[in-house]
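2 protein chains.
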Amino acid sequence: MSNASRPFVLISEVGPRDGLQSIKSVMPTAAKLRWISALASAGLKEIEVGSFVPPKLLPQMADIREVVAHALSIPGLRVAVLAPNLRGSQHAFEAGVHKITLPVSVTDEHAMANIRKTTAQLIDEVREIVALRDAQFPGVEIEAGVSVAFGCTIAGAVSDDKTMRMCHAMAECGVDEIGLSDTSGYANPAQVRRMFRRLQTEFGDKAGGAHFHNTRGQGLANVVAALDVGVTTIDSSQAGLGGCPYAPGATGNIVTEDLAFLLEAMGYDTGIDIDALIAARSILADALPGESLYDHVQDAGLPKGFTYADGRAPSAPQPEGCLLGVPQ
Amino acid sequence: MSNASRPFVLISEVGPRDGLQSIKSVMPTAAKLRWISALASAGLKEIEVGSFVPPKLLPQMADIREVVAHALSIPGLRVAVLAPNLRGSQHAFEAGVHKITLPVSVTDEHAMANIRKTTAQLIDEVREIVALRDAQFPGVEIEAGVSVAFGCTIAGAVSDDKTMRMCHAMAECGVDEIGLSDTSGYANPAQVRRMFRRLQTEFGDKAGGAHFHNTRGQGLANVVAALDVGVTTIDSSQAGLGGCPYAPGATGNIVTEDLAFLLEAMGYDTGIDIDALIAARSILADALPGESLYDHVQDAGLPKGFTYADGRAPSAPQPEGCLLGVPQ
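Chains as they are written, first to last, in the working numbering: chain A, 1 to 328; chain B, 329 to 656.
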């Protein structure tokens, strides 16, 4: 198959940030570093390695400087972090990251609950962060991660126009990319197609990637919709790490293993070796005993006869098939 | 919204058949009957209530006659069963079912392992079953459930042409409908679009529904692809009951609750009350302690502000939102 017929889709791994910040356990630093190295070895090209937030708020991220320094030592890896404000961004710039994601809630309700600011205050702060970048750290990419873009756990339904108004504010602030986040699993595929189409029409090259949570099991369904309208960057988290402590059983981000399988099976090139990804998962499982992991491909193995989009065969042997009763 | 803009999609519940036959526990008959009634009360219009197979092969289905009799007493419910052969079909016809699904494997390897017949023998038997129906039970619908249509756990990859050859054989036998089954979670959305388009082009009104397993987490992604090309009947199983005893953790059919949420959120009418569906699930959970259930919407609840495709509000109160750390 020619390259033209198998376009590249970037899986941006957010497990070390969105996954680890959403669980109560704190992953030991040494394990984090091994995990990030293993993820990169499996072919992930961009990893959001943590957040620059006060350790008393998120002790899971207290080692962010050490983690960033390690990630920057991995050849070819694009190192992203999340920063909720100017102070965190300053630290992130100084640490030498390649990319900062700024979470900006669409609703005042979510913004207040999340970081005690109104959306107007958030917009002002993004403007200051972009000015700082322009003045002192010109090589660093800034993405606005537009949160609760498809619906809000506090305010409820969010109109398309309301989300787009925040996107326009972000473009005016001068961010490089605007991504849409389904923070709590509210999105549906019809809405995803509609919103990303509009993002591309209104912002062209600044239209960014998709960040879906699998809270209601709809994550990969929404990915299909995003791919349909040409989205080429999708966030995910190894083993779907994360979730919500107030909704027992609710899952976190979409699962990197399952996403990589989806993309490769559909003919998209990801550069990922799924067996190596599954091997990386054991570092996570060992370091976080008792945390729920949600992957499917890990449990079932790759299908017999599976080949990657570029024609490669899997690197590990495939499991025996399953037969019981009279299957259909 | 007008009816024209929210087309009806039939969810065909297969939990009492595909779910229960795939687990080791045997659900007590009284609980089965209560469960089926509760599923119908939640708005499900077609339920595959079991299989006509020898009890020594599948003790889970030993009460099939009693279950069918009960299901037939529920007003408005379309009662379907699976039958693997002429003998089972004869019994199903006599029991008065509305519809029989005949599982026909695309590969000889799967057919032999599953019911010890070649595909040629399967085709001959379907011809006899249709002849019996035509002669004595003219009102009963026969669907061919074309198994391992997207790939086979034993033979590996299955070509589109190979699956289509079995579909043509089924049409020649005189079945009413030809559905495609992803028996072991091999399908991807690109393949699903391609295959169902071809099914519709080649068989018109005989093109049937989609039966997906969520073995590798791709179930709802494949549903989106099927909807895209106009498929209007989707099989699913409450709580994703089922799975595979040889792949611990591997899930079964796609989850009815999550599917109903997907469809209603996208604007498709299903006639289902998701809260009533979740209530029905407790009968299942109580009757099968220790069995894994895989639903997401049950765990997370409906989103705040959710409305059904027809504008209805949910019948139960919605849970509190989730906030932790700095979500994106």
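A virtual CB, placed ideally from N, CA and C, is assigned to each residue, including glycine. Keep in mind it's a predicted model, so treat the numbers as computed, not measured.
Restricting to Cα atoms, I'd like to know which of the options is closest to residue i.
i: B:Ile375; options: B:Gly473, B:Ser564, B:Leu527; result: B:Ser564
i: A:Met266; options: A:Val224, A:Ala276, A:Asp286; result: A:Val224
i: A:Ala207; options: A:Asn222, A:Val229, A:Ala131, A:Pro138; result: A:Val229
i: A:Ala169; options: A:Ala316, A:Leu77, A:Gln21, A:Val106; result: A:Val106
i: B:Cys501; options: B:Gln418, B:Ala358, B:Ala459, B:Gly537; result: B:Ala459
i: A:Leu82; options: A:Gln191, A:Val140, A:Ile254, A:Trp35; result: A:Val140
i: A:Ala42; options: A:Pro303, A:Ala309, A:Ile278; result: A:Ile278
i: A:Arg65; options: A:Leu57, A:Val53, A:Pro75; result: A:Val53
i: A:Lys162; options: A:Ile154, A:Phe150, A:Ala171; result: A:Phe150
i: B:Phe531; options: B:Ala368, B:Thr543, B:Ala499; result: B:Ala499
i: A:Asp269; options: A:Thr232, A:Glu13, A:Gln298; result: A:Thr232
i: A:Lys45; options: A:Gln191, A:Ser25, A:Thr256; result: A:Thr256
i: A:Phe306; options: B:Ala448, B:Ala613, B:Tyr514; result: B:Tyr514
i: A:Pro138; options: A:Ile129, A:Pro317, A:Gly145, A:Pro28; result: A:Ile129
i: A:Ala111; options: A:Asp18, A:Ile178, A:Val146; result: A:Val146
i: B:Ser353; options: B:Glu619, B:Ala628, B:Ala644, B:Ile602; result: B:Glu619
i: A:Asp286; options: A:Val14, A:Pro28, A:Leu10; result: A:Pro28
i: A:Val299; options: A:Ala239, A:Asn222, A:Asp182, A:Gly209; result: One detail in the question is off: residue 299 of chain A reads as Asp in this sequence, not Val. Per the Cα distances, A:Ala239.
i: B:Leu348; options: B:Ala366, B:Met389, B:Arg609; result: B:Met389
i: A:Ala69; options: A:Tyr308, A:His296, A:Ile36; result: A:Ile36
i: A:Ile11; options: A:Ile23, A:Leu33, A:Asp273, A:Pro59; result: A:Asp273
Given that residue i touches chain B, what residues does it touch there, using C-beta distances under 7 Å?
i: A:Met266; result: Asn516, Pro517, Ala518
i: A:Pro303; result: Gly479, Tyr514
i: A:Thr251; result: His624
Just to make sure I have the definition right: I need the residues of chain B whose C-beta is within less than 9 Å of the C-beta of residue i. Which are they?
i: A:Phe196; result: Those within 9 Å of A:Phe196 in chain B number zero; the least Cβ separation is about 14 Å.
i: A:Ala157; result: Pro631, Lys632, Gly633, Phe634, Thr635
Quick one: which chain A residues come within Cβ less than 9 Å of residue i?
i: B:Phe589; result: Asn188, Arg216, Gly217, Gln218
At the 8 Å Cβ level, is residue i part of the contact set with chain B, yes or no?
i: A:Ala309; result: no
i: A:Asp258; result: yes
i: A:Val67; result: no
i: A:Ala280; result: no
i: A:Val175; result: no
i: A:Ala300; result: yes
Residue i touches chain A at which residues, Cβ-Cβ below 7 Å?
i: B:His426; result: Correct list: empty, because the minimum Cβ distance to chain A is about 18 Å.
So which residues of chain A does residue i contact, with C-beta pairs closer than 8 Å?
i: B:Gly549; result: One point to set straight first is that residue 549 of chain B is Ala, not Gly, in the sequence displayed. Going along chain A in sequence order, the residues near B:Ala549 (Cβ under 8 Å) are Leu220, Ala221, Val223, Val224, Leu262.
i: B:Ala420; result: Under the 8 Å cutoff, chain A gives no residues; its nearest Cβ is about 13 Å from B:Ala420.
Tell me residue i's beta-bridge partners as DSSP assigns them.
i: B:Phe540; result: B:Asp510
i: A:Cys152; result: A:Gly156
i: B:Val407; result: B:Ile375
i: B:Glu469; result: B:Lys427
i: B:Leu338; result: B:Thr561
i: A:Ala260; result: In the DSSP output, where bridge partners are listed per residue, A:Ala260 has none listed.
i: A:Ala207; result: A:Ile178
i: A:Asn253; result: A:His213
i: B:Asp307; result: What the structure shows of chain B is the stretch from 329 to 656, and residue 307 of chain B is not part of that stretch, so it cannot be assessed.
i: A:Ser73; result: For A:Ser73, which the question treats as bridged, DSSP gives no partner whatsoever.
i: A:Ser105; result: A:Ser147
i: B:Asp597; result: B:Phe336
Taking Cβ positions only, does residue i come closer than 8 Å to chain A?
i: B:Val559; result: no
i: B:Ser340; result: no
Could you tell me which chain B residues have their CB closer than 8 Å to the CB of residue i, listed as they occur along the chain?
i: A:Val255; result: Gly545
Could you round the C-beta distance between residue i and residue j to whole angstroms and report it? I think they count as a contact, below 8 Å.
i: B:Pro412; j: B:Ile443; result: 5 Å
i: A:Glu109; j: A:Cys152; result: 6 Å
i: A:Ile74; j: A:Ser89; result: Their Cβ separation, rounded to whole angstroms, is 23 Å, which puts A:Ile74 and A:Ser89 out of contact at 8 Å.
i: A:Ala31; j: A:Leu77; result: Not really, about 18 Å apart at Cβ, beyond 8 Å.
i: B:Gly547; j: B:Ile582; result: 3 Å
i: A:Phe93; j: A:Arg133; result: 7 Å
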